[in-house]
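Engineer:
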Amino acid sequence: MAIDWLAQAHAMRAELVARRRDFHQHPELAFEEVRTAGIVAAELGALGLEVQTGVGKTGVVGILEGAQDGMTVLVRCDMDALPVPEANDTEYISQTAGKMHACGHDGHTAIGLGVAKMLAAHRDQLVGRVKFVFQPAEEIAAGAYAMINDGVLEAPVPQVALGLHLWNSLPVGTVSVTEGAAMASANDFTISVRGRGGHGALPDETRDPLLAAAQIITALQSIVSRNVSGMDTAVLSVCNIRGGDANNVIPSEVTLGGTFRTYQPAINDLVTRRLREIAEGVAAALGCTAEVRADLLAPPLINDTLVNARLREVFGRAAPEISLIDNARTMASEDMACFLERIPGTFFFVGSANSARGLDFPHHHPRFDFDEDSLPISAGLLAAAVAEYVLPSA
Ligand SMILES: [Zn+2]
Ligand SMILES: [Zn+2]
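Sequential numbering from 9 applies to the sequence shown in our numbering.
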């Protein structure tokens, strides 16, 4: 008889909620997830998984080995919190000043442990293995690369990668398996504009980098409106400008910083090229120089069509009461993309908002919180998805 993963997950609701609240009360920033990783490693060990710690600094890997050989499925959960002071008034509010789980990674860690527990109970029927990857430092887009550099995608090599994000842009009771690019790339850039400073009353004797920087900011907005096709997507934002001290002194150097996001590698290359051309060209025209540094922090997150199709079929069967959509997208980014760039897979969004209860603040907001009904829903869906690949009898 088929295993009802959703019913099993709902039966674990109290445990999932208690774990999530415990992680919520003890948020840890990128690469500082020592307490969280300790709990994860202990729990995975208690379930009989083979546990590796210190993978990508504070990452934890647990391998659930099946009774028979077969494929390897990677399940990825992130563990880090944000430097955001919590403004909620709940019994499980953050106990650490200035830090909170404002993105839902507390929930992801609890969900991952719940899925490990559910699948470990069926180890005898398991064909293949599940590699549970508890990743640090998602919020600074560094944890996935750190774990990959430490060999998380080797020995055994996964054939499919699955992950999820609790999603406050969607109401609880929905799930999105998005076709193609679901999340954007993240690129960080800094432009140092250098000229020749001098007296504010004698600008003719200077090469004003502030004027050049102002023109560069304006000209950069032509990239999205005049270089990227209307059929494609990109955003570019200059988010800070630094330079100058006195009101009567033209500085020698001004620095601009910002971010840009795209859905396709080719558009990412185009924006990177135009960023350099515009900054250097405009600065030169105004007698200054511009030095551009642009770093790709995470590639676009692109879901695999075949895995998507299989997940939609599984979700429709395992959870007919959950409404399945296929078009939730965001210009935010996720370093799960680094895994999906190398291994086919799907990162799905599980609706977690409940407007009637005021649980609909956006991710990274000091009042972010989610409807905890999304915890068993997520665990049930993820377990069903993994079982599709390694539990043929289920
Ligand atoms: Zn986040
Ligand atoms: Zn997140």
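Built from N, CA and C at the ideal position, the CB exists for glycine as well.
Between Ala364 and the rest of its own chain, which residues show a CB-CB distance below 6 Å, the 5 nearest in sequence each way excluded?
Structural biologist: As a first step, residue 364 is located in the sequence shown; it is residue number 356 there, counting from the start. Here the set comprises nothing.
Engineer: Report all residues for which the CB-ligand distance to some heavy atom of ligand 1 is below 6 Å; order them along the chain.
Structural biologist: The set of residues with a C-beta under 6 Å from any non-hydrogen atom of ligand 1 comprises Cys111, Glu147, His371 and His372, given in chain order.
Engineer: May I have the straight-line CA-CA distance separating Ser331 from Leu319, to the nearest angstrom?
Structural biologist: Counting from 1 along the sequence shown, the entry for residue 331 is found at position 323. Counting from 1 along the sequence shown, the entry for residue 319 is found at position 311. So the two alpha carbons sit approximately 13 Å from each other.
Engineer: What's the gap between the Cα of His116 and the Cα of Leu161?
Structural biologist: One-based indexing of the sequence shown puts residue 116 at position 108. One-based indexing of the sequence shown puts residue 161 at position 153. C-alpha of His116 to C-alpha of Leu161: approximately 20 Å in a straight line.
Engineer: Tell me where the beta strand (DSSP E) around Asp196 begins and ends.
Structural biologist: Here residue 196 refers to the residue found at position 188 of the sequence shown. Per DSSP, Asp196 belongs to the beta strand (DSSP E) from Ala194 to Arg202.
Engineer: Going by DSSP in three states, Val257 sits in which element: helix, strand or coil?
Structural biologist: As a first step, residue 257 is located in the sequence shown; it is residue number 249 there, counting from the start. Of the three classes helix, strand and coil, the one that applies to Val257 here is strand, per DSSP.
Engineer: Closer than 7 Å to a non-hydrogen atom of ligand 2 - does that hold for the CB of Asp86?
Structural biologist: On the sequence shown, residue 86 is found 78 positions in, with the first residue counted as 1. Checking every heavy atom of ligand 2 against the Cβ of Asp86, one is found closer than 7 Å.
Engineer: Grouping DSSP H, G and I as helix and E and B as strand, with all else coil, what is Val42?
Structural biologist: As a position in the sequence shown, residue 42 is number 34, starting the count at 1. In this structure, Val42 counts as helix in the three-state DSSP scheme.
Engineer: In whole angstroms, give me the CA-to-CA distance for Ser102 and His173.
Structural biologist: As a first step, residue 102 must be located in the sequence shown, where it is residue number 94. As a first step, residue 173 must be located in the sequence shown, where it is residue number 165. Cα-Cα distance, rounded: 20 Å.
Engineer: Are at least three pairs of beta-carbons, each pair with one atom in the stretch 50 to 65 and one in the stretch 152 to 168, less than 8 Å apart?
Structural biologist: yes
Engineer: How long is the line joining the alpha carbons of Glu321 and Val185, rounded to whole angstroms?
Structural biologist: Start at 1 with the first residue of the sequence shown, and residue 321 comes out as number 313. Start at 1 with the first residue of the sequence shown, and residue 185 comes out as number 177. Each residue's alpha carbon lies about 11 Å from the other.
Engineer: Closer than 8 Å by C-beta to Ala38: which residues in its own chain qualify, once you throw out the five before and the five after it? Chain order, please.
Structural biologist: Residue 38 sits at position 30 when you count from the first residue of the sequence shown. Asp88, Pro144, Ala145, Glu146, Glu147, Ile148, Ala150 and Gly151.
Engineer: Could you tell me whether the stretch 97 to 111 touches the stretch 10 to 18, using the rule of 3 or more Cβ pairs below 8 Å?
Structural biologist: no
Engineer: Nearer than 7 Å: is that true of the beta carbon of His173 relative to any heavy atom of ligand 2?
Structural biologist: Looking up residue 173 in the sequence shown gives position 165. Yes, ligand 2 has a heavy atom inside 7 Å of this Cβ.
Engineer: Between which two residues does the alpha helix (DSSP H) carrying Glu285 extend?
Structural biologist: Stepping through the sequence shown from its first residue, residue 285 is reached at position 277. Pro273 to Ala293 is the span of the alpha helix (DSSP H), which, as asked, contains Glu285.
Engineer: Quick one: Cα of Ala393 to Cα of Leu121, how far?
Structural biologist: Within the sequence shown, the letter at position 385 stands for residue 393. Within the sequence shown, the letter at position 113 stands for residue 121. Whole-angstrom Cα-Cα distance: 15 Å.
Engineer: My output table needs one value for Asn335: the three-state DSSP class, helix, strand or coil.
Structural biologist: Taking the sequence shown and counting its residues from 1, one reaches residue 335 at position 327. It is coil, neither helix nor strand.
Engineer: Which residue marks the beginning of the beta strand (DSSP E) containing Asp114, and which one marks its end?
Structural biologist: For the purposes of this step, residue 114 is taken as the residue at position 106 of the sequence shown. Premise fails: Asp114 lies in the alpha helix (DSSP H), His113 to Ala128, not in any beta strand (DSSP E).
Engineer: In three-state terms, what does DSSP make of Gly388?
Structural biologist: Locating residue 388 in the sequence shown gives position 380, counting from the first residue. Helix at Gly388.
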